[in-house]
Amino acid sequence: MKSKGTFVSIVIFILMTSGCISERIENQKIDDGGIVINDYQWEDDGELTIVTYDVYGLTDEMLTEFTNQTGYEISLMKLDDAGSILDHLLQHKNVQTADLAIGLDNTYLQTALDNNVLWAHFADVPNISENTLIPYDGPYAVPFDHGYMCLNYDTEIVDGVNYTVPTNLWNLTEDAWNGKVALPSPETSSPGRAFMTATVDYFANDADNQTDWTDWWSAMSDNDAIITTGWSEAYETHYTGGYGEYTEGYVGDAHIVVSYCHSPGVESWYNGNWTKSAALDLPRAAFHQVEYAAAVQGGNLDAASAFIEYLLSEEVNLQMPTENFMYSVLEGTDLPEDSGYRYHSTVPSQPANVSSIEISNNMETWLSDWNKAMVDA
Amino acid sequence: MLEMNLKFPHWFSIVAYMLLILVPLWLALDRLIWVAGYDISSWLDSLGRNYISQGVIEFTILQAFFSTIATLVIGLPIAWQLGRYEWPLQSLIKSILTMPFVMPSIVAAIGFLNIIGREGLDIRSDEGTWFATLIIAHAWFNLSLVIRFCEPVLSTLDPMLEDQIRLLPAGRTSWGRIKNLWAPILLPSVAAAACMTFVFSFTSFALVRWITLGENTLESMMASIGSSAGIDGYMISRNEIILGASLIQFAVLLVSLWLMSWLQQKRQNLLPQASENVAKTANPTGWFVIIPAMVFALLPLVTILISSFRIRETTANGTSYSWGLDGWEYAFTATKSLPSAWDALLNSIGYASLTLIIALPLGWLLAQTIMLIETERPILARILDIATMLPFAVSSVMIGLGVMLGMIRIDAEFFYSFWPTPVIAHVMITTPFVVRIMLPALRSIDPSYEECARTLGVTKWNRFFQIKLPLLRGSILVATIFTLAMSMGEFGASWVVTRNSDWTTLPIMIDSLRSIPYNNSLTAPAASAVSSVLMLIAVTLFTWAEKFRPSRGGGMF
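Those protein sequence lines, which keep their order, are chains A and B. Just so it is clear: in the first sequence, position 41 is 52 by our numbering, and no numbers are missing. Just so it is clear: in the second sequence, position 375 is 627 by our numbering, and no numbers are missing.
Shown next, in the form of structure tokens:
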């Protein structure tokens, strides 16, 4: 019996102790540009670990091409969504688990900046459109795609006869829309956060001074709005106007959903210039979402910068609309006109105007207010 | 006396186990409290203050309650038929009906999604059916508990007892016999099965995650917000929610387990009424129970295999299906964003083997320790007994969070580059099962064998290898197979721990595949393909275990 005990003790000892012996090649670089990166230390081990979520644009071909061009071996750490990326970065601050984060958006970026989990990159990225640099224009993150969040509706059901096209967000709190609106939760989804942020601006600027955005959410909660964990559950499972109806697990009980203003364009592009989905262009109810690539503090900055450069190259970034279903961030680009992609996409006339700083300063308060509004009184 | 019986290995097993269980949980709690503040009432209040946790306790209790009822309603008639009558291929029938219990929960989820899906009953689009589906899936899963607990009592009861009661006034009617004979004899077993079913349904994660969208159990809710737990000054309410939820979960489960342990003891006292000379008769009408039951047990598994070959094609003309191996090919091909099912399979096998190497000796030693102190210090033995069941009460997601937050605290870089890290969680989860299987087996060994051998001068080692080991062989094999099956199918803790790493396991891969947006038509068949692999492994292990299961009193599982 004794030998068994000893054996267990050895195994547990191995498990419990941390015998990490890793050699760290210290690397120092002084940028010749404006930012001095003199206190960064990293090891260029020829590998690049990217922490990301299901970003379609990161195809195998595209990643392999990068390895062929630069020699860096890539591994992906795929998390659930943009929020999980931020969680991961905060959770593993000062612990090197990844070199590059792809997919933080402008509702999360500022928190990452405030917590110093990112490093300034030294990629050469010219030619990024002004519009996408409005939320953030600095060395710690580079936009790689963008798009607007909008409500989308099913034109076959919201046809002016059965349902009237909403002209105001309050319309959605009416009886007719009871249980027919799918909204991703701002707590667990970045489109949800983006849309909630838009509602803050929408109701701060409407004619009505008696009510604010939390009253609308309360009313939506009372009107049995479908709150989902993430975008795909809202769009694929609940929305009647999209490709969800062909797929497994489809429920189809919502005729209006939070998605991108160009989602109908994507539908059309897939279906050979046909879609029954349309974006609803209400002033200040759309949110300009910009997604970023950012070097992770303590990671391989050489590899991260090289990848950022590659991601922003024309070769890769011009493919964003068809590979990633988002707009390219390069100056002077637009969605392709094939199969009604651009025709069915809407550029909102007046998106919500909320700065990244405002978002960062208020997000936790907004989320807690949102929770108060949503729970039953 | 105590000092004489307990030797170093026993003390060591207790200390090692306590460290293994308590260190990660203590580190996690410490971290959560550091962020949330030590204010228990605020933790509990937070559950009602936040949208994500609102109504979760109610839903968790409600579904666990109905799942328990449904399991008993479906399970008792089956146990009765199996126990009271003679069936051709009895052991095969019993194996089929008890197999669902070793099926990983994610496999059950995929199976039931297939049954209610578009190509099945096509009721998925009606949200009103989700709750019932969840309840039935839980009943499917826990059916074997009712059969395993009640069937031995029924099948080995001395027939004299029933004959005698028929002669008494109280036993003239069948209701009288139920009231005065069957109910008192079966009650502890039924209650024990109900307790266990309640515990498993209460902590359900994979099934809730996939079947009742928009509803959470405490377990699935903690999993979904766990990734932002333990970060200084960030999302403080989530830390409160996790603390509040785990406190409630812990209290409810602890009470259930205490009840369970008490019932088990009562149950054991009843079993000696068993007789070996039971002659059972055939019961043709019983097939109306047995056949539907077997269909019920097998259906989810059959649909998994079928759906792994069914490929959806959507064109402008609508949706059609064809048959092919594309789903399998997709699952078994590595891409940059998704490892191949081969990698997942190798990881799963590796983790299961390592888990076994640690959990089996550890659980065995703990069981032996409990047995050794049982007569001298019954209260201490009971405390240790309960302590070994603690991981049941803590639940796998909490264990996962413990390991994740614990390893970040100790040395994150080391743990993230250390492939066996998930084994820590698997050992925590499987050791209690080993204890539960080994304890009755150890108790059943007549101590006089050991004494005789000692008197005859047989050495310690020879006593172990020539007497004890052969006597325990069956239970050791059952524990081995069970540990392997549990580890291979483990979902909750792995979901939390491996998400931040490269090491995917088969259950996690099924979940990831199924999470890929469905415009990829291979998502569903590929998830079914990996589920088929996991299912076949579970069936093989289970069939193997059935061969070695001690005929009676072989523990709970």
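No residue lacks a Cβ here, since even glycine has one placed at the ideal position from N, Cα and C. Model, not experiment: these values are computed from the prediction.
query, result
"Which of the three DSSP states is assigned to residue 491 of chain B in this structure?", "helix"
"Tell me where the beta strand (DSSP E) around residue 300 of chain A begins and ends.", "298-307"
"Could you name the residues of chain A that residue 754 of chain B contacts, counting a contact when the two beta carbons are closer than 8 Å?", "86, 88"
"Which residues of chain B have a Cβ atom closer than 8 Å to the Cβ of residue 278 of chain A, listed in chain order?", "Those do not exist, as residue 278 of chain A stays about 10 Å from chain B at its closest Cβ, beyond 8 Å."
"Taking only three categories from DSSP, how would you classify residue 163 of chain A?", "strand"
"With which residues is residue 153 of chain A paired in a DSSP beta bridge?", "A/304"
"What residue from A/125, A/107, A/119, A/101 has the CA that sits closest to residue 93 of chain A's CA?", "A/119"
"Count the other CB atoms, across all protein chains shown, that sit within 10 Å of the CB of residue 251 of chain A; report buried if there are 16 or more and exposed otherwise.", "buried"
"Considering residue 761 of chain B, what are the terminal residues of the beta strand (DSSP E) in which it resides?", "No beta strand (DSSP E) holds residue 761 of chain B; the alpha helix (DSSP H) holding it covers 758-767."
"Less than 7 Å between C-beta atoms, sequence neighbours within five positions excluded: which residues of the same chain meet that for residue 371 of chain A?", "121, 122, 125"
"Provide the residue span of the alpha helix (DSSP H) that contains residue 574 of chain B, from first to last.", "First-last for residue 574 of chain B: 570-575, but that is the beta strand (DSSP E), not the alpha helix (DSSP H)."
"Can you list, in chain order, the residues of its chain with a C-beta nearer than 7 Å to that of residue 342 of chain B? Leave out the 5 residues immediately preceding and following it.", "none"
"Between residue 189 of chain A and chain B, is any beta-carbon pair separated by less than 9 Å?", "no"
"Can you name the residues of chain B whose CB is closer than 7 Å to the CB of residue 352 of chain A?", "Under the 7 Å cutoff, chain B gives no residues; its nearest Cβ is about 15 Å from residue 352 of chain A."
"Go through the stretch 245-285 of chain A residue by residue and report every complete run of the beta strand (DSSP E) that reaches 3 residues or more, in order.", "267-271"
"What residue does the beta strand (DSSP E) around residue 116 of chain A start on, and which one ends it?", "111-116"
"According to DSSP, is residue 355 of chain B part of a helix, a strand, or is it coil?", "coil"
"Strictly under 9 Å for the Cβ-Cβ distance: is residue 621 of chain B near chain A by that measure?", "no"
"Does the distance from the C-beta atom of residue 270 of chain A to that of residue 355 of chain A stay below 9 Å?", "no"
"Would you report the Cα separation of residue 459 of chain B and residue 363 of chain B, rounded to the nearest angstrom?", "10 Å"
"Compile a chain-ordered list of the residues in the stretch 713-736 of chain B whose CB is closer than 9 Å to at least one CB of chain A.", "716"
"At least one CB of chain A closer than 9 Å to the CB of residue 587 of chain B: is that the case?", "yes"
"Quick one: what's got a C-beta closer than 7 Å to residue 538 of chain B's C-beta in the same chain, skipping five residues either side?", "333, 337"
"Which residue or residues does DSSP assign as beta-bridge partners of residue 158 of chain A?", "A/300"
"Going by the DSSP bridge assignment, what does residue 194 of chain A pair with across the sheet?", "A/238"
"Taking the straight line between their C-alpha atoms, what separation do you get for residue 557 of chain B and residue 773 of chain B?", "17 Å"
"Between which two residues does the beta strand (DSSP E) containing residue 288 of chain A stretch?", "288-291"
"Would you call the stretch 275-282 of chain B in contact with the stretch 345-363 of chain A, where contact means no fewer than 3 C-beta pairs closer than 8 Å?", "no"
"Could you pull out every residue in the same chain whose Cβ sits closer than 6 Å to the Cβ of residue 397 of chain B, ignoring the five residues on either side in sequence?", "445, 448, 449"
"Distance cutoff 9 Å, beta carbons only. Does residue 224 of chain A sit that close to anything in chain B?", "no"
"In chain order, what residues of the same chain lie with their CB nearer than 6 Å to the CB of residue 134 of chain A, ignoring the 5 residues before and after it?", "316, 319, 320"
"Are the C-beta of residue 665 of chain B and some C-beta of chain A separated by less than 9 Å?", "yes"
"Where residue 646 of chain B and residue 347 of chain A are concerned, what is the direct C-alpha to C-alpha distance, given to the nearest angstrom?", "53 Å"
"Taking a cut of 7 Å between CB atoms, which residues from the stretch 99-133 of chain A lie near chain B?", "99, 101, 102, 103, 106, 107, 108"
"What's the gap between the Cα of residue 129 of chain A and the Cα of residue 177 of chain A?", "42 Å"
"By the 9 Å beta-carbon criterion, what residues does the stretch 755-777 of chain B contribute toward chain A?", "764, 766, 767, 768, 769, 770, 771, 773, 775, 776"
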